[in-house]
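S.K.: The structure is given below, and queries will be raised subsequently.
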Amino acid sequence: MKVHKNDDRDAEAIAEAATRPTMPFVAIKSEEQLDLQALHRARERLVSDRTRLINQGRGFLMERGIRVGTGRHVFQKELARLAVEGAADLSPRMLLLVADMASELDVINDRVAAIDTEIKALARTDADMQRLMEIPGIGPTIATALVAAVGTGSSFGKGRDLAAWLGLVPRQVTTGGKAKLIGISKHGNRYLRKLFIHGARTVLHLVRDRTSPITAWADALKGRAHVNVAAVAIANKMARLAWAVLTKGERYRPNAMSGL
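Here's what the structure looks like:
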């Protein structure tokens, strides 16, 4: 094992890596991709801050015997009501804190909405993103995040490679000549994987629309698999369709999905 980093050893390692046929390489992102990626990271941070704030607020209220229904919108509505009307179970100090939290949530919501508006505007002006949004389950957020991450998708040889990079394929453990699949790998871009699975859940809610092959396939899948398993399978299919649309520069063709 070589120790002590220096320029000579760095150059040797780079030269050796370049000669390996199976060595994966990362495509250099354009300035537009980097800007779009930064926009998504800012949005992700704001959403995480909002989730932490809501969870903290729920904890404060539960300690005082006030339970709030599930869902972000339900909690924010109740928090705003408490900030205005007050409650017998809350001290004056806690009422001030509740009012501050309600104001902070309003600020975060406005910033997230502003970024969402910008993302939608960018998606409308890009041909690749417009084609991606024709795929069921893919909207402006997924389309822009995917293009920011992979560009035209040319770094992937096939749709399954993109799905694997997103961590949407089963992990395989082989021992004694026997292979076993033990759930998705969860490798790659966690943010994109989360978006694709959320999009897949949207497709599951649209299964009553049997006019689309992917929704009809999702309906059949929903009947024989757990909803989470079905969501991952649909997300995998969405990723393969997205790769085909990006690399071939063609519009989404529903009847061609069976070949992926």
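UniProt numbering applies: residue 1 is where the sequence shown begins, and numbers increase by one.
Beta carbons: idealized from backbone N, C-alpha and C, even for Gly.
Using DSSP bridges, identify the partner residues of PRO92.
M.R.: To locate residue 92, count along the sequence shown from 1; it is residue 92. None, per the DSSP bridge assignment.
S.K.: Going along the chain, which residues of its own chain have a beta-carbon closer than 8 Å to the beta-carbon of VAL74, five neighbours each way excluded?
M.R.: As a first step, residue 74 is located in the sequence shown; it is residue number 74 there, counting from the start. Taken in chain order, the residues that qualify are VAL68.
S.K.: Report yes if the CB atom of ALA200 is closer than 9 Å to the CB atom of GLY153, and no otherwise.
M.R.: Here residue 200 refers to the residue found at position 200 of the sequence shown. Here residue 153 refers to the residue found at position 153 of the sequence shown. No.
S.K.: Spatial neighbours of GLU134 within its chain, please: C-beta separation below 7 Å, excluding the five flanking residues on both sides.
M.R.: Taking the first residue of the sequence shown as 1, we reach residue 134 at position 134. Result list for GLU134: ARG251, TYR252, in chain order.
S.K.: Could you check if PRO140 is buried or exposed, using at least 16 other CB atoms within 10 Å of its CB as the buried criterion?
M.R.: Locating residue 140 in the sequence shown gives position 140, counting from the first residue. Buried, by the Cβ-count rule.
S.K.: Residues in the same chain with beta-carbon distance under 7 Å from LEU195, minus the five sequence neighbours each way, listed in chain order, please.
M.R.: The residue given as residue 195 occupies position 195 in the sequence shown. Cβ within range, chain order: THR141, ILE142, ALA145.
S.K.: Quick check on DSSP: helix, strand or coil for VAL203?
M.R.: For the purposes of this step, residue 203 is taken as residue 203 along the sequence shown, with counting starting at 1. Three-state DSSP puts VAL203 in a helix.
S.K.: CB LEU46 to CB ALA148, shorter than 9 Å?
M.R.: As a working mapping, residue 46 is identified with position 46 in the sequence shown. As a working mapping, residue 148 is identified with position 148 in the sequence shown. Taking 9 Å as the Cβ cut-off, LEU46 and ALA148 do not qualify as a contacting pair.
S.K.: Given a cut-off of 9 Å, decide if ALA235 and LEU221 are closer than it, judged by their beta-carbon atoms.
M.R.: Position 221 of the sequence shown, counting from 1, holds the residue named residue 221. Position 235 of the sequence shown, counting from 1, holds the residue named residue 235. The answer is no: Cβ separation not under 9 Å.
S.K.: Taking the alpha-carbon of LEU95 as reference, which of LEU105, VAL232, ALA83 has the nearest alpha-carbon?
M.R.: Taking the sequence shown and counting its residues from 1, one reaches residue 95 at position 95. Nearest of LEU105, VAL232, ALA83 to LEU95, Cα basis: ALA83.
S.K.: Just the C-alpha distance for LEU132 and VAL245, rounded to the nearest angstrom, thanks.
M.R.: In the sequence shown, residue 132 corresponds to position 132, counting from 1. In the sequence shown, residue 245 corresponds to position 245, counting from 1. Their backbone Cα atoms lie some 7 Å apart in a straight line.
S.K.: Going by DSSP in three states, TYR191 sits in which element: helix, strand or coil?
M.R.: Taking the first residue of the sequence shown as 1, we reach residue 191 at position 191. Helix at TYR191.
S.K.: Apart from the five residues on each side of it in sequence, which residues of its chain come closer than 7 Å, Cβ to Cβ, to MET101?
M.R.: For the purposes of this step, residue 101 is taken as the residue at position 101 of the sequence shown. LEU53, GLY57, LEU79.
S.K.: Compute the Euclidean distance between the alpha carbons of ALA113 and ALA15, then round it to the nearest angstrom.
M.R.: Walking along the sequence shown from the start, residue 113 turns up at place 113. Walking along the sequence shown from the start, residue 15 turns up at place 15. So the two alpha carbons sit approximately 47 Å from each other.
S.K.: How long is the line joining the alpha carbons of ILE119 and HIS4, rounded to whole angstroms?
M.R.: Mapped onto the sequence shown, residue 119 falls at position 119. Mapped onto the sequence shown, residue 4 falls at position 4. Their backbone Cα atoms lie some 45 Å apart in a straight line.
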